[in-house]
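A short write-up of the structure that comes next.
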Ligand code: ADP
Ligand code: MG
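Residue numbers (my numbering): 1 to 737.
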């Protein structure tokens, strides 16, 4: 009898096993059983083609109706157009080379077609779809064999191993399967109405009815959520077992002095969150808290107050930002908020003051050495830097708190590295301005406590957003910018590319640190958008174009992007902050946290190339002062779907609504970040928005089990599943380097 770890070849023979190993990485019985069919068909039936949606990935069973080939106009070779049908509705297939397709795509042939639905003139089409034509005999056999059953459709494993052969392999494997331990305890299965593991595999691969499929998929999704939540529960328990120094502000200390001179009242939300953090910091085990709040909701002040209370108790704090631009800006704004409180130990400084130090990769050796010394000696109460701070051998005298800004670029591995930084594990506060829907927070940050700042400080100005998609209005956009500048304000112009001679999208050598450039590369282009036909707008081109634009004559225009030298970037940001630059043409480097109150307009070129949350983040850069903000989303897209997406960004300023929309439209892996999307994702069927109830249930179950049995001594099957899930995760992480 086989179990999950039995090599596939032993059960089904090498000739069947090797294509599965080679093309799909399936080596064991367990691998095969976890290879979930993509969908199921009723034998003999064609897929209804009436409900196609642009941009959707589809797999359909259809019949080839007619085929035409014709020579290409400007190139050698012929292109092929085939029309497939469900008997009523049609779908057009386009191949730019007929070669290899002509013999297979013939009228009357039936098969499986997979691709992304597009629209060309008035017809639906798939460009270069994958397809598989059914062998009529084989199909007949399949139909007979399957009578009364559904046909599972798998991703084929090469030519020798089409979907129906994978299905036969699954059948043999299931017939030879012995008892396997179920990692979900029986009482949980009963409470949640879950089928047992072996039944799940049978129903997944050999279902008779839709109901079978949904029972199997439900159990499967539960498993995915349950595994993740068990890992998180264990992490949480491990965190609670750690010991560290409690940090309590000193009466008459820095925090009091700062509060006394703060130019505004904290909002009710800020007070509440500050109290939560103060309570955590006073504990003996390290804080591990996520602070989310819209752009401009005042997270930095909250973090600064936490840092000051740690300094008051004799410790140091580090503030990590994802880019050098942001790190420098934090350094400047913290220094200015603290005023003479940041001049501790200096002539004329405050007696209770401390020092703030900036530490970045591109500083000159001398300055850097000085900063390192300040961190090691404890002279610097606050060390501001990029995420590289934790990778390098930076020594702290007594690191009590690490604040990480803009969490979504900061993975769980880095969070772990932090814990090893101090003599004792430091308290950790991570901040994110991307609102995170509850179940995502629970899944990705489920080992942390969370706080949310939901109101903006009073006196914020509204941001109006408009989509500019008609070329007739493009020039008007620049006139509008000029008007704003004449009224004394400043403008950002964001482009998706830099446009210098180097290849865009080619990240430089990285040491695990996010350089400004990586951020641009990784986040500038929204891959779910259809490929652009023309070149995207670049910073350099745009700058040249705007200089030549009569509407902007006499305006001071500058550029900012990730491949500029750090000093140059710094100088540009300073100048922009000081108001000596009117129009700043930049990449998404300015996306996170850049704060210039006098900037009122943001023009985003090729806005369709950016994701929803990213657009929301970007426009948060304007309307920070007393004048209303204006964001113009310029696009030349013809896709209705993409226009719709931009319109939805224009329609609301509610970050949570947009975050949900974003999640609905993107692949899950993009949202979850590197950890979950690496190699073998643990989340295959689970959808973080739709499966909220199931995630809540799995979380409750997992936390109860781990709470009563942290080492999973009484749950060996679960322990094994977790161990191998963590191995996969580790392997995926290492593969990415
Ligand atoms: P976030 O980091 O959450 O995007 P910041 O902390 O940068 O927001 O705050 C944005 C701006 O609002 C800053 O200029 C800050 O000084 C100001 N601010 C913060 N809290 C308040 C408050 N309670 N009242 C008025 N202004 C505030
Ligand atoms: Mg911020």
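Ideal Cβ placement from N, Cα and C applies to all residues, glycine included. Treat the numbers as computed from the prediction; the structure is a model and nothing was measured.
Exposed unless 16 or more other CB atoms sit within 10 angstroms - verdict on residue 565: exposed
Through-space distance from residue 601 to residue 481, alpha-carbon basis: 7 Å
Opening and closing residue of the beta strand (DSSP E) in which residue 400 lies: 399-405
Meets three-Cβ-pair contact criterion under 8 Å: the stretch 90-101 and the stretch 34-48: no
Heavy atom of ligand 1 within 7 Å of residue 132 beta-carbon: no
Neighbourhood of residue 446 by C-beta, 6 Å cutoff - its chain only, sequence neighbours within 5 removed: 232
Status (buried if at least 16 other CB within 10 Å, exposed otherwise) for residue 131: buried
is_contact[residue 323, chain D] using C-beta, thresh 8 Å: Here there is only one protein chain, and chain D is not present.
Terminal residues of the alpha helix (DSSP H) in which residue 431 lies: Careful: residue 431 lies outside any alpha helix (DSSP H), inside the beta strand (DSSP E) at 427-432.
Straight-line Cα distance separating residue 71 from residue 468: 38 Å
Residues near residue 547 in its chain [Cβ-Cβ closer than 8 Å; skip 5 each side]: 557
Close Cβ partners of residue 216 (< 6 Å) along its chain, the five nearest in sequence each way excluded: 200, 203, 204
Residue 457 CB to nearest heavy atom of ligand 1 below 7 Å: yes
Start and end residues, alpha helix (DSSP H) containing residue 251: Residue 251 -> no alpha helix (DSSP H), and no H or E assigned at all.
Proximity of residue 590 and residue 494 at Cβ, strictly below 8 Å: yes
Any non-hydrogen atom of ligand 1 within 7 Å of residue 266 CB: yes
Integer Cβ distance of residue 625 from residue 598, believed to fall under 8 Å: 6 Å
Check whether residue 302 and residue 274 have beta carbons under 8 Å apart: yes
Residues bridged to residue 40 (per DSSP): 152
Residue 359 to residue 389 span [Cα, whole Å]: 8 Å
Which residues DSSP lists as bridging residue 715, in chain order: Residue 715 is not bridged to any residue.
Heavy atom of ligand 1 within 7 Å of residue 566 beta-carbon: no
Spatial distance of residue 366 from residue 562 (CA atoms): 23 Å
Touching by the beta-carbon criterion (3+ pairs, under 8 Å), the stretch 166-175 and the stretch 706-721: no
CA-to-CA distance, residue 535 to residue 61, given in whole angstroms: 36 Å
Distance CB(residue 329)-CB(residue 399) smaller than 8 Å: no
Heavy atom of ligand 1 within 7 Å of residue 292 beta-carbon: no
Limits of the unbroken alpha helix (DSSP H) element including residue 225: 210-241
Neighbour-count burial assignment, residue 470, 16 or more Cβ in a 10 Å radius: exposed
Neighbour-count burial assignment, residue 187, 16 or more Cβ in a 10 Å radius: exposed
Three-pair Cβ contact test at 8 Å for the stretch 449-458 versus the stretch 311-326: no
Per-residue burial, residue 313 [other beta carbons within 10 Å of its own, 16 or more giving buried]: buried
Same chain, Cβ closer than 6 Å to residue 169, neighbours up to 5 away in sequence not counted: 12, 16
Cβ-based neighbour list, residue 4, same chain, cut-off 8 Å, excluding 5 preceding and 5 following: 28, 29, 30, 33, 180
Burial state of residue 475 (16 or more Cβ within 10 Å): exposed
Neighbourhood of residue 372 by C-beta distance below 8 Å, restricted to the same chain and skipping five residues each side: 359, 394, 395
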